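Scroll down for the structure; my scribbles are underneath it.
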Amino acid sequence: MKGISFYFQVHQPFRLRKDFNFFSIGPDGRYEDDKSNAEILKKVANNCYLPTNQVLLNLIERHQGKFKIAFSISGTALEQFELYAPDVLESFKKLAKTGCVEFLAETYYHSLASLFSESEFRMQVALHSKKIEQLFGQTPTTFRNTELIYNNHIAKIVESMGYRAIVAEGADRVLDWRSPNYVYHPLGAPNVSLLLKNYKLSDDVAFRFSNRGWDGWPLLAGKFAKDLHLSVQGKHFVGLFMDYETFGEHQWRDTGIFDFLDALPGEILKYSDMGFMTPTEVAKAYSPISELDIHGLVSWADLERDVSAWLGNPLQDSAAQYVFGMEKQVLATHNEELIHAWRKLQTSDHFYYMCIKYHNDGDVHKYFNPYETPYDAFIHYINALHQLRWYLGQLSENSKTDSAGESSKEKASERKTTKTTTTTKVDDKEKVLAGEKTKANPSAKKEVTKKEVTKKMPNKKMSDAKSVDRYILN
890 MKGISFYFQV HQPFRLRKDF NFFSIGPDGR YEDDKSNAEI LKKVANNCYL
940 PTNQVLLNLI ERHQGKFKIA FSISGTALEQ FELYAPDVLE SFKKLAKTGC
990 VEFLAETYYH SLASLFSESE FRMQVALHSK KIEQLFGQTP TTFRNTELIY
1040 NNHIAKIVES MGYRAIVAEG ADRVLDWRSP NYVYHPLGAP NVSLLLKNYK
1090 LSDDVAFRFS NRGWDGWPLL AGKFAKDLHL SVQGKHFVGL FMDYETFGEH
1140 QWRDTGIFDF LDALPGEILK YSDMGFMTPT EVAKAYSPIS ELDIHGLVSW
1190 ADLERDVSAW LGNPLQDSAA QYVFGMEKQV LATHNEELIH AWRKLQTSDH
1240 FYYMCIKYHN DGDVHKYFNP YETPYDAFIH YINALHQLRW YLGQLSENSK
1290 TDSAGESSKE KASERKTTKT TTTTKVDDKE KVLAGEKTKA NPSAKKEVTK
1340 KEVTKKMPNK KMSDAKSVDR YILN
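Under our numbering, read the sequence shown as residues 890 to 1363, first letter to last.
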């Protein structure tokens, strides 16, 4: 049987607050625009997540388990579901219980960590897998990196973490004459299967479905099933990977996208040699036909299908170096809330909004973008990082103060103990013991309050992006 493998990205970007009179990343406040995040998530939930999940559930029941799908849901999206749309989370749990849905592993914070810090990358993948196990009762065995960012080095790390398969983009420049419809294995990672996205067929649905100027319009379920059947002949599978928001958000309901989705599985299953398979099932069913060397970075973004959507211009590169350069200092605090805040600032969307190479990809970059220009995105993001760095400084100062105070108490106790002799009176012994008890239970660190932060808050904002590096270093 030739496999048709549907897998969807579910990632909900979040927005930063725009009022920097007080921008708290500490325990006294949130740095996210909660109101805007909630409103947008509820809009997408009503347009896409809830109706599409119901269609998929109906399809699984109608076809008695023969229809299968996979999801890659970021940890930040799952958190927003928990906060603002618990009904969406419950609808995904219902799908999980059918046994026909696979959840893929990825970075918890949908971050670029794989490009900057292997240790951080490994930690985020572990956190994400733990979240998937907690919510859906599955241990992911197939890995999908943020925005399908991939090369040989990333594959080796993923293999060392024990994953059976990894999903990547079937970009023409890395395939040459090869087909994306075979299972390969990465160079230097023979124990992991490489499953490539068929971007041409995926984009017929994700980007061209409602384009009346496209020569394939209208795309009917029967026609698309025929295209899939022709594409997979003599091969292994067809990997169809797209944003989940394709259904009802990018392609609106009135385009007929839900009718198309509802009819497609039935049309595919009319072919006796085709069936639906999850990525892990594809990896189990087919042995890799050859090794594939992808030493340069690829992704599924823009016409270039590289990482230039997030890195490459001075704004993006400076911002990325700044946030990942804080790793040791942030982790050394062991402050879970602060570490969580820092990791959320690694989310790829922040850098995506700083992209200046629009051209044909302009509409995609503008979608859900809260900023008027890439420079606004950069200014806003760097101001947030400055506040994070300032808060780190406050924690460091408090730590030094506490250490100095503790040292003084120890010296005073030592002097008191030295004066004590074997003829010390009972009441003197009690005083010594009281002193020891105080030393063993020093007072807790003083928490930085909003009032104190407001009083000491640095009044430093960026008015332009002409001197990027100079601004960041100051």
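Virtual Cβ for every residue (Gly too), placed ideally from N, Cα, C.
Because the structure is a prediction, the values reported are computed rather than measured.
Exercise. Just the Cα atoms here: how many angstroms apart are Ile893 and Ser1091?
Worked result: Stepping through the sequence shown from its first residue, residue 893 is reached at position 4. Stepping through the sequence shown from its first residue, residue 1091 is reached at position 202. Cα to Cα, Ile893 sits roughly 12 angstroms from Ser1091.
Exercise. Can Ile949 and Phe992 be called in contact, C-beta distance under 8 angstroms?
Worked result: In the sequence shown, counting from the first residue as 1, residue 949 sits at position 60. In the sequence shown, counting from the first residue as 1, residue 992 sits at position 103. No, the Cβ-Cβ distance between Ile949 and Phe992 is not below 8 angstroms.
For this session: Report, in whole angstroms, the separation of the C-beta atoms of Phe897 and Tyr1133, which I expect to be a contact under 8 angstroms.
Result: Mapped onto the sequence shown, residue 897 falls at position 8. Mapped onto the sequence shown, residue 1133 falls at position 244. With 8 angstroms as the limit, Phe897 and Tyr1133 qualify as a contact, their Cβ atoms being about 4 angstroms apart.
For this session: Specify the secondary structure class of Asp1065 as computed by DSSP and reduced to three states.
Result: The sequence position of residue 1065 within the sequence shown is 176, counting from 1. DSSP places Asp1065 in coil when its eight states are reduced to three.
Exercise. Is it right to say Gln953 is buried, meaning 16 or more other beta carbons lie within 10 angstroms of its own, or is it exposed?
Worked result: Translated into the one-based positions of the sequence shown, residue 953 becomes position 64. So Gln953 counts as exposed.
For this session: Identify every residue that forms a DSSP beta bridge with Leu1227.
Result: Counting from 1 along the sequence shown, the entry for residue 1227 is found at position 338. Paired residues: none, contrary to the question.
Exercise. From Glu1193 to Leu1200, what does the alpha carbon distance come to, in whole angstroms?
Worked result: Residue mapping note: residue 1193 aligns to position 304 of the sequence shown, counting from 1. Residue mapping note: residue 1200 aligns to position 311 of the sequence shown, counting from 1. Going by the C-alpha atoms only, they are around 13 angstroms apart.
Exercise. Can you tell me where the beta strand (DSSP E) with Glu1022 in it begins and where it stops?
Worked result: What you label residue 1022 is simply residue 133 of the sequence shown in a count that begins at 1. Per DSSP, Glu1022 belongs to no beta strand (DSSP E); it is in the alpha helix (DSSP H), 1007 to 1025.
For this session: Would you mind reading off the limits of the beta strand (DSSP E) that contains Leu1129?
Result: Locating residue 1129 in the sequence shown gives position 240, where the first residue counts as 1. Segment 1126 to 1132, the beta strand (DSSP E) holding Leu1129.
Exercise. When the Cα of His1275 is compared with those of Leu1234, Asn1258, Glu1286, Gln1140, which residue comes out closest?
Worked result: Counting from one through the sequence shown, the residue named residue 1275 turns up at place 386. Here the closest residue by C-alpha is Leu1234.
Exercise. CA-CA distance, Leu1281 and Glu1225?
Worked result: Reading the sequence shown from its first residue, position 392 is the one you call residue 1281. Reading the sequence shown from its first residue, position 336 is the one you call residue 1225. When rounded, the distance between both Cα atoms is 13 angstroms.
For this session: State yes or no: is the C-beta of Glu1058 within less than 8 angstroms of the C-beta of Val1187?
Result: The residue labelled residue 1058 in the question sits at position 169 within the sequence shown. The residue labelled residue 1187 in the question sits at position 298 within the sequence shown. Yes, the pair counts as a contact, with Cβ atoms nearer than the cut-off.
For this session: Just list the alpha helix (DSSP H) runs in the segment 1094 to 1182, keeping only unbroken ones of 4 residues or longer that don't cross its boundaries, in chain order.
Result: 1110 to 1121, 1146 to 1157, 1168 to 1174
Problem set entry | Beta-carbon spacing of Leu1084, Gly1128 below 8 angstroms | By 1-based counting over the sequence shown, the position of residue 1084 is 195. By 1-based counting over the sequence shown, the position of residue 1128 is 239. Contact: yes.
Exercise. DSSP state of Pro1259, grouped into three classes?
Worked result: Here residue 1259 corresponds to residue number 370 of the sequence shown, with the count starting at 1. If DSSP states are grouped into helix, strand and coil, Pro1259 belongs with coil.
Exercise. Which runs of the alpha helix (DSSP H) spanning at least 4 residues fall entirely within the segment 1030 to 1084, listed in chain order?
Worked result: 1041 to 1049, 1061 to 1064
Problem set entry | Distance, Lys1173 Cα to Lys924 Cα | Within the sequence shown, residue 924 is the residue found at index 35, counting from 1. Within the sequence shown, residue 1173 is the residue found at index 284, counting from 1. Between Lys924 and Lys1173, the C-alpha separation is close to 45 angstroms.
Exercise. Quick one: is Met890 buried, meaning 16 or more other Cβ sit within 10 Å of its Cβ, or exposed?
Worked result: By one-based count along the sequence shown, residue 890 stands at place 1. It counts as exposed.
Exercise. Just to confirm, are Tyr1047 and Val1081 a CB contact at a threshold of 8 angstroms?
Worked result: Mapped onto the sequence shown, residue 1047 falls at position 158. Mapped onto the sequence shown, residue 1081 falls at position 192. For clarity, residue 1047 is Val in the given sequence; the question names Tyr instead. In this structure, Val1081 lies closer than 8 angstroms to Val1047 by Cβ.
Exercise. Per DSSP, what kind of secondary structure is Ile893 in: helix, strand or coil?
Worked result: Numbered from 1 along the sequence shown, position 4 holds the residue referred to as residue 893. Strand.
For this session: With a cut-off of 8 angstroms on the beta carbons, I'd call Ser1237 and Thr1035 a contact; round off their distance for me.
Result: One-based indexing of the sequence shown puts residue 1237 at position 348. One-based indexing of the sequence shown puts residue 1035 at position 146. Going by Cβ atoms, the distance from Ser1237 to Thr1035 rounds to 5 angstroms, so yes, they are a contact pair.
Problem set entry | Backbone secondary structure at Val899 - three-state DSSP | Taking the first residue of the sequence shown as position 1, residue 899 is located at position 10. Note: Val899 maps to strand in three-state DSSP.
Exercise. Considering Ser1207, what are the terminal residues of the alpha helix (DSSP H) in which it resides?
Worked result: For the purposes of this step, residue 1207 is taken as residue 318 along the sequence shown, with counting starting at 1. Start and end: 1203 to 1213.
For this session: Grab the span of the beta strand (DSSP E) containing Ile949 for me, first residue to last.
Result: Numbered from its first residue, the sequence shown carries residue 949 at position 60. First-last for Ile949: 939 to 951, but that is the alpha helix (DSSP H), not the beta strand (DSSP E).
Exercise. So what does Val990 bridge to, in DSSP terms?
Worked result: As a position in the sequence shown, residue 990 is number 101, starting the count at 1. DSSP, once it has assigned bridges, lists Ile958 as partnering Val990.
Exercise. How would you label Leu1119, buried or exposed, when you count the other beta carbons within 10 angstroms and need 16 or more for buried?
Worked result: Translated into positions along the sequence shown, residue 1119 becomes position 230. Per the 10 Å Cβ criterion, exposed.
Exercise. Which class does Leu905 belong to by DSSP, given the choice of helix, strand or coil?
Worked result: On the sequence shown, position 16 is the one that residue 905 refers to. If DSSP states are grouped into helix, strand and coil, Leu905 belongs with the strands.
Problem set entry | Buried versus exposed call for Gln1122 [16 or more other C-beta atoms within 10 Å across all chains shown] | Working through the sequence shown from its first residue, we reach residue 1122 at position 233. Gln1122 is exposed by the Cβ-count criterion.
Exercise. How big is the Cα-Cα spacing for Phe981 and Glu1261?
Worked result: In the sequence shown, residue 981 corresponds to position 92, counting from 1. In the sequence shown, residue 1261 corresponds to position 372, counting from 1. Those two C-alpha atoms are separated by around 34 angstroms.
Exercise. From His900, Arg906, Phe895, Asp1151, pick the residue whose C-alpha is nearest to that of Ser1273; which is it?
Worked result: By one-based count along the sequence shown, residue 1273 stands at place 384. Strictly speaking, residue 1273 in this sequence is Ala, with Ser absent from that position. Out of His900, Arg906, Phe895, Asp1151, Arg906 has the C-alpha closest to the C-alpha of Ala1273.
Problem set entry | N-terminal and C-terminal residue of the alpha helix (DSSP H) that Ile929 is part of | For the purposes of this step, residue 929 is taken as the residue at position 40 of the sequence shown. From DSSP, the alpha helix (DSSP H) with Ile929 extends over 923 to 933.
For this session: Helix, strand or coil for Val1187, going by three-state DSSP, please let me know.
Result: Numbered from its first residue, the sequence shown carries residue 1187 at position 298. Correct three-state label for Val1187: strand.
Problem set entry | Own chain partners of Lys983 with C-beta closer than 8 angstroms, once the 5 adjacent residues on each side are dropped | In the sequence shown, residue 983 corresponds to position 94, counting from 1. Counting only Cβ-Cβ distances below 8 angstroms, and skipping sequence neighbours, we find Asn942, Leu946.
Exercise. Can you give the beta carbon distance from Val933 to Ile958, rounded, assuming they're within the 8 angstroms contact cut?
Worked result: By 1-based counting over the sequence shown, the position of residue 933 is 44. By 1-based counting over the sequence shown, the position of residue 958 is 69. Actually they are not in contact, since the Cβ atoms of Val933 and Ile958 sit about 19 angstroms apart, beyond 8 angstroms.
Exercise. Does the beta carbon of Glu1022 come closer than 8 angstroms to any beta carbon on chain B?
Worked result: The chain labelled as chain B is not found in the depicted structure, where only one protein chain is given.
Exercise. Between the segment 1097 to 1111 and the segment 1146 to 1165, do at least 3 Cβ pairs fall closer than 8 angstroms?
Worked result: yes
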